[in-house]
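The opening residue of the sequence shown carries number 1 in UniProt numbering; numbering runs sequentially from there. C-beta: ideal position from N, C-alpha, C; glycine also. Structure first, commentary second.
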Amino acid sequence: MDRATFACSTAFFRDFGNSSPGALPGDHVDFIDKADSFTYSDFFRDYLIPNHPCIFSAKFTEDWGSRKNWVTWDGKPNFEHLLQNFGEAVVPVANCDVKDWHLSRAFPEHDVYTTPVYFSSDWLNEYWDAVAVDDFRFVYMGPKGSWTPFHADVFRSYSWSANVCGRKKWLLYPAGQEEFLKDRHGNLPFDVTAPDLRDKRIYPRYSQSQPPLEILQEAGEIVFIPSGWHHQVHNLEDTISINHNWVNGCNVAVMWCFLQDELAAVQREISQWKDPMDDWHLQCQLIMKSCTGIDYKEFYNFLKVIAENRISVLEKGLDEESSSQNNSKAAISTLGMLHAVFDLKRTVKVLSSLSANEDFRRLDLTSLSPSPEALLQHLESAIDTALL
């Protein structure tokens, strides 16, 4: 991160807090053609911060092993190669799709793809790699005509999706537009192309929604989906794609808002048990974790791991950590000192909000080490030292 981008991002989050100023990209999605002239700072400033989608051309993936080996001469999935190399893999299957195959975790030795630098500030996978429980890197395979229903991504994260082969049609709705698509019971539609949405008796606010942004994604191209944007995806041909969900300093506050909303929904659902149940607040956390995959105490640990990795890089020096066997710290080092400071500043902002949250303070926090207060002091000291 260069100084101009650091200044821009600092000013943005000072002025707008946890959200973008509300400007929408209209009916146009930018197409990024040349890999050699588009920098990380360009992407950070023009797409991450304002939370706008874009498409990267096939030039950004032309060196991937999967683009060379998983595709036949006529652009179809090379099932012979896949069976030979991954024939014993156990994968989730739904409606004849391969969904959420954690190939990167299961077969790290294979030369499948390299994460583009634009998506390398990836706190979700940094944390889940550290605790060695899960990851948010997936391979999807679907025949022509298969599709993914209307949804927003886990934790309202960013996502990027690269077509190894095939074509997709994306229907994107900017964050907040989904409110106009809810039925009279508050439920989102399964299919935003269904004719029922025009029935005002069922979907009373549909007429207030804007038309979706439509993207036709070709083989080799990468689509960047902004944080909190709902979308629906149709495979126009037999398609294989590589996908990551990711969070970083630009949208970690969106993740925190999502978790608060999820807990509030659980609390409303079991509110009748609040008085007779001694551990009602703890039960709400357990239910939330079963639904979302994380609770408030784990969210604290998530922030702690992210913060401590950056403090380590700043204290040991960028040169030492750039050759580290810890891939996360090497990536942090590559992005530079100012990016690490930006990340710490955003972590302080969200950690301060978490520490002051009444539902968090009701929990037994004695198991957290260091304490939230001590961690905050350490972060603020590290930021001050780095900026001297």
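Inset, instruction - Grab the span of the beta strand (DSSP E) containing W123 for me, first residue to last. - result: For W123, no beta strand (DSSP E) run applies; the uninterrupted alpha helix (DSSP H) run containing it begins and ends at 123-131, by DSSP.
Legend entry - Residues near D2 in its chain [Cβ-Cβ closer than 6 Å; skip 5 each side]: Excluding sequence positions up to five before and after D2, its CB lies within less than 6 Å of the CB of S41, all in the same chain and listed in chain order.
Inset, instruction - Specify, as a first and last residue, the run of the alpha helix (DSSP H) that Q84 falls within. - result: For Q84, the enclosing alpha helix (DSSP H) starts and ends at 79-86.
Legend entry - Beta-ladder partner(s) of E214, from DSSP: The partner list for E214 (beta bridge, DSSP) reads L171.
Legend entry - Buried versus exposed call for I311 [16 or more other C-beta atoms within 10 Å across all chains shown]: With 16 or more other Cβ atoms within 10 Å, it is buried.
Legend entry - As assigned by DSSP and simplified to three states, the class of A4: Reduced to three states, the DSSP call for A4 is helix.
Inset, instruction - Report yes if the C-beta distance between K76 and C165 is below 8 Å; otherwise report no. - result: K76 places its beta carbon less than 8 Å from that of C165.
Inset, instruction - Compute the Euclidean distance between the alpha carbons of D295 and M255, then round it to the nearest angstrom. - result: Distance between the alpha carbons of D295 and M255: 12 Å.
Inset, instruction - Compute the distance between the beta-carbons of T239 and K168, then report whether it is under 8 Å. - result: The Cβ atoms of T239 and K168 sit closer than 8 Å to each other.
Inset, instruction - Grab the span of the beta strand (DSSP E) containing H52 for me, first residue to last. - result: Where H52 is concerned, there is no enclosing beta strand (DSSP E), given that its DSSP letter is neither H nor E.
Legend entry - Spatial distance of H185 from R268 (CA atoms): When rounded, the distance between both Cα atoms is 15 Å.
Legend entry - Which of helix, strand or coil DSSP assigns to W101: With a pLDDT of only 45 at W101, under 50, the local geometry of the prediction cannot be trusted, and no value is derived from it.
Inset, instruction - Determine the closest residue to K59 out of A219, M141, D27, with distance taken between C-alpha atoms. - result: When only C-alpha atoms are compared, the closest one is A219.
Legend entry - Distance, D129 Cα to L335 Cα: A direct Cα-Cα distance of roughly 19 Å separates L335 from D129.
Legend entry - Beta-carbon gap between F302 and L354 smaller than 8 Å: The Cβ atoms of F302 and L354 lie no closer than 8 Å to each other.
Inset, instruction - Express the C-alpha separation of D122 and T39 in angstroms, rounding to a whole number. - result: Each residue's Cα considered, the two are about 17 Å apart.
Inset, instruction - Take F107 and list the residues in its own chain whose beta-carbon comes closer than 7 Å to its own, dropping the five residues that flank it on each side. - result: With a pLDDT of only 49 at F107, under 50, the local geometry of the prediction cannot be trusted, and the value read off the model is given with reservation. Here the set comprises F86.
Inset, instruction - Within the same chain, show all residues whose beta-carbon is closer than 6 Å to that of S369, passing over the 5 residues directly before and after it, in chain order. - result: There are no such residues.
Inset, instruction - Check whether the region 147-162 touches the region 230-238, counting contact only when three or more Cβ pairs, one atom from each stretch, lie closer than 8 Å. - result: Result yes; three or more Cβ-Cβ pairs closer than 8 Å.
Legend entry - Separation of I49 from V192, as counted between CA atoms: Between V192 and I49, the C-alpha separation is close to 27 Å.
Legend entry - Segment limits, alpha helix (DSSP H) that includes M288: In the DSSP assignment, M288 falls within the unbroken alpha helix (DSSP H) covering 280-292.
Inset, instruction - Spell out a yes or no on whether the region 220-227 and the region 190-206 are touching, meaning 3 or more CB-CB pairs, one atom from each, closer than 8 Å. - result: No, the region 220-227 is not in contact with the region 190-206.
Legend entry - Of the listed residues N163, G249, H281, nearest to F6 (C-alpha basis): Minimum Cα distance to F6 is reached at G249.
Inset, instruction - For the alpha helix (DSSP H) containing K164, list its first residue and its last residue. - result: Sequence check: residue 164 is Val here, not Lys. Note, V164: premise wrong, no alpha helix (DSSP H); beta strand (DSSP E) at 158-165.
Legend entry - Sub-8 Å separation of F136 and H244 beta-carbons: Yes.
Inset, instruction - Could you name the residues of the same chain whose beta carbon sits closer than 6 Å to that of I287, not counting the 5 residues immediately before and after it, in chain order? - result: Excluding residues within five positions, the ones whose Cβ falls inside 6 Å are V266.
Inset, instruction - May I ask whether a heavy atom of the ligand FMN can be found less than 7 Å away from the beta carbon of A152? - result: Ligands in the displayed structure: none, and consequently the ligand FMN is not present.
Legend entry - Residue nearest to K329 in terms of C-alpha spacing, selected from A307, T347, R67, S271: The option with the nearest alpha carbon to K329 is A307.
Inset, instruction - Evaluate N246 with the Cβ neighbour count: other Cβ atoms within 10 Å of its Cβ, from every protein chain shown; 16 or more gives buried, anything less gives exposed. - result: In the sequence as presented, Asn is not what sits at residue 246; that position holds Trp. W246 should be labelled buried.
Legend entry - Backbone secondary structure at A58 - three-state DSSP: The answer is helix: DSSP assigns A58 an H, G or I state.
Inset, instruction - Identify which residue in D261, C284, R14 has its Cα closest to the Cα of S271. - result: When each option's Cα is compared against that of S271, the closest is C284.
Inset, instruction - Starting from the Cα of L131, find the closest Cα among L314, V305, S37 and give me that residue. - result: In the sequence under discussion, the amino acid at residue 131 is Val, which differs from the Leu named in the question. Closest option to V131, Cα to Cα, is V305.
Inset, instruction - Could you check what DSSP says for W256 in three-state terms: helix, strand or coil? - result: It is helical.
Legend entry - Through-space distance from L213 to D27, alpha-carbon basis: Between D27 and L213, the C-alpha separation is close to 6 Å.
Inset, instruction - Using the Cα positions of L74 and T114, report the straight-line distance between them to the nearest angstrom. - result: Just to set this straight, residue 74 is Asp in the shown sequence, not Leu. Within the model, the alpha-carbon separation for D74 versus T114 is close to 24 Å.
Legend entry - Coil, strand or helix - F38 by DSSP: The answer is coil: DSSP assigns F38 none of H, G, I, E or B.
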